[in-house]
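Taking it in order: structure first as structure tokens, then the write-up.
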Amino acid sequence: MTDTAQTPLWEVFIRPRNGLAHRHCGSLHAADATMALQAARDVYTRREEGQSIWVIPSSEIVASDPNDKETFFDPAGDKIYRHPTFYDIPDDVGHM
Amino acid sequence: MYSQGLNGQNLDVNETPEFLAAFQARIDADEKIEPNDPMPAAYRKTLIRQIGQHAHSEIVGMLPEANWITRAPTLRRKTALLAKVQDEGGHGLYLYSAAETLGVSREAMTEELLSGKAKYSSIFNYPTLSWADMGAIGWLVDGAAIMNQVPLCRCSYGPYARAMIRVCKEESFHQRQGYELMISLCNGTAAQKAMAQDSLNRWWWPSLMMFGPSDSDSQHSDQSTAWKIKRFTNDELRQKFVDATVKQADHLGLSIPDPDLVWNETKNDGQGGYDFGDIDWDEFWKVVKGHGPMNKDRIAARKQAWEEGAWVREAALAYAEKQKQQTAQQVTA
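Residue numbers (the numbering used here), protein chains in the order written: chain A, 282 to 377; chain B, 1409 to 1741.
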């Protein structure tokens, strides 16, 4: 029963309809790209959930390390001047 | 729904009291736990067991209904049954993927199912003896499954919750097609209606057992509730199911095979609910431990499918490897 261990893992991204971005919806095992696409069609779009599918070998994705979450993301935490509410505009100016 | 294998998972967590308290605080604040987050080993283990069992139940659950696909009486019923069984295969795959995000391999889960080490829902160890069983399974078994699964959409573990949202969306048709099938039989000849009643008689009690042991005997409930893996107790969900199902049986003109079933207006905090008879827990444990009518057949069928599919998996991998080498040669040529 060693063969599934060798069957590569793919991440599946689906564009539900034109105008929306492809969105990660799950993963699956498949021997090659063609089979991964067909399996993604069968597993994730049985009810017309997609207009377009991307499959990407999981091993090809580079992800941020959860252990670095704080050093990676915290620097944005104190930059409140990047948000519109940081700036005072008198009410009588109206919506801006 | 979830991505897996994106990071080397650090499974070792030093479970200091501070760590456990902080983890519980995240759960209490209704934060979702995601695959690479640090988590207590017992939380991981509980989820692997539960999601794995759930996935196995979907896969084994294909067998009792697949039994009738070739004998469906009309094309309409056949397409519905095919779509339902295909959905169950899909649900198994969503769930296996969710379990894999916790660091268990698909291979290990398959091995546990085939060796009998992993459990699956006891309901699938009963035989499907008549066409009416396709109706009763959709109506009762999927009905009970939905009752169980809807609260899981809010489970604290993100990948499991997201898989369940998808499953629940798709499963509504499973119950409706089953109930519609029962309506057809009950509006048919006396023999057809008797077939529907016989089916209800056989599936009623096993369906109630699907919610698991009584709260007083359930070994996993308390901790799972604290971790928000479980949102309602087995007995609460069972009561909800009985209360919802009795009037559906009335509508069909079928009688529920329980002489102790009686309306009790003081139940459910005064909203009323049904009292029902004692469940045969000896039968339940016998089936769980492998001695139900179909346990051996189900595992034998899964083993056969796995073994007879081996050459397909091998051929697909060999073909992929060959294509890769040919592409490499073209590049260097």
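For glycine and all other residues, C-beta sits at the position ideal for the given N, C-alpha and C.
| query | result |
| --- | --- |
| I'd like to check one pair, Q1461 of chain B with Y1528 of chain B: are the Cβ atoms closer than 8 Å? | yes |
| Give the interface partners of Q1731 of chain B over in chain A, defined as CB-CB distance under 8 Å, in chain order. | D313 |
| Can you list, in chain order, the residues of its chain whose CB lies under 6 Å from that of D1666 of chain B, leaving out five sequence neighbours each side? | F1684, G1685 |
| What would DSSP say about N1672 of chain B, mapped onto helix, strand or coil? | strand |
| Can you round the beta-carbon distance between A1569 of chain B and L1560 of chain B to whole angstroms, since I take them to be within the 8 Å contact cut? | 7 Å |
| Under a Cβ-count criterion, where at least 16 other Cβ atoms within 10 Å of its own Cβ denotes burial, should F1649 of chain B be classed as buried or exposed? | buried |
| In angstroms with no decimal places, state the Cα-to-Cα distance between V1654 of chain B and P1443 of chain B. | 41 Å |
| Any beta-carbon of chain A closer than 8 Å to the one on L1742 of chain B? | With chain B running from 1409 to 1741 in the structure shown, residue 1742 of chain B is simply not present. |
| Output yes if chain B places a C-beta closer than 8 Å to the C-beta of Q287 of chain A; else output no. | yes |
| Below 6 Å CB to CB, which residues in the same chain sit around F1692 of chain B once its five sequence neighbours on both sides are set aside? | M1617 |
| If the cut is a Cβ gap below 7 Å, which residues of chain B does M316 of chain A touch? | A1724 |
| Since V1493 of chain B is in the alpha helix (DSSP H), which residue starts that stretch and which ends it? | 1483-1508 |
| Classify V293 of chain A as helix, strand or coil using the three-state DSSP reduction. | strand |
| What do you get for V1739 of chain B, buried or exposed, if any count of 16 or more other CB atoms within 10 angstroms of its CB means buried? | exposed |
| Against chain B, does L405 of chain A count as a neighbour if the rule is that its beta carbon must be under 8 Å from one of theirs? | As displayed, chain A neither begins before 282 nor continues past 377, which places residue 405 of chain A out of reach and without an answer. |
| Quick one: Cα of M1409 of chain B to Cα of R1562 of chain B, how far? | Because M1409 of chain B carries a pLDDT of 47, less than 50, the predicted location of this residue cannot be relied on, and the following value inherits that uncertainty. When rounded, the distance between both Cα atoms is 14 Å. |
| Roughly how far, in whole angstroms, is the beta-carbon of P1567 of chain B from the beta-carbon of T1509 of chain B, given that I think they are within contact range, below 8 Å? | 5 Å |
| Report yes or no: is there a C-beta of chain B within less than 8 Å of the C-beta of G307 of chain A? | yes |
| With DSSP collapsed to three states, give me the class of C1576 of chain B. | helix |
| If I measure Cβ to Cβ from L309 of chain A and keep anything under 7 Å in the same chain, skipping five residues before and after, which residues do I get? | W291, V293, A317, A320, A321, V324 |
| Can you name the residues of chain A whose CB is closer than 7 Å to the CB of G1498 of chain B? | V324, R327 |
| Do G1543 of chain B and L1489 of chain B come within 8 Å of each other at the CB atom, strictly closer than that value? | no |
| Grab the span of the alpha helix (DSSP H) containing D1643 of chain B for me, first residue to last. | 1642-1660 |
| Return the chain-ordered list of same chain residues with a C-beta closer than 7 Å to the C-beta of Y1451 of chain B, the five sequence neighbours on each side being excluded. | W1635 |
| Tell me which residues share the same chain as Q1605 of chain B and place their Cβ nearer than 6 Å to its Cβ, disregarding the 5 neighbours each side in the sequence. | L1662 |
| If we call anything under 8 Å between Cβ atoms a contact, is I1441 of chain B one with Y1565 of chain B? | yes |
| So, is the C-beta of H310 of chain A closer than 8 Å to a C-beta in chain B? | yes |
| Hey, quick one: how far does the beta strand (DSSP E) through G1681 of chain B stretch, first residue to last? | 1681-1683 |
| Drop a sphere of 10 angstroms on the beta-carbon of D1690 of chain B, count the other beta-carbons inside from all chains shown, and report buried for 16 or more, exposed for fewer. | exposed |
| When DSSP labels each residue in this structure, what does R322 of chain A get in the three-state scheme? | helix |
| Could you tell me whether the region 295-314 of chain A touches the region 1718-1728 of chain B, where touching means 3 or more Cβ pairs closer than 8 Å? | yes |
| In three-state terms, what does DSSP make of V1739 of chain B? | helix |
| What first and last residue would you give for the beta strand (DSSP E) that runs through L309 of chain A? | 304-310 |
| What's the C-alpha gap between A1433 of chain B and S1513 of chain B? | 30 Å |
| What residues in its chain sit with their C-beta under 7 Å from that of G1524 of chain B, if we drop five residues either side in the sequence? | G1698, I1707 |
| Enumerate, from N- to C-terminal direction, the unbroken beta strand (DSSP E) stretches of 3 or more residues contained entirely within the region 1674-1725 of chain B. | 1681-1683 |
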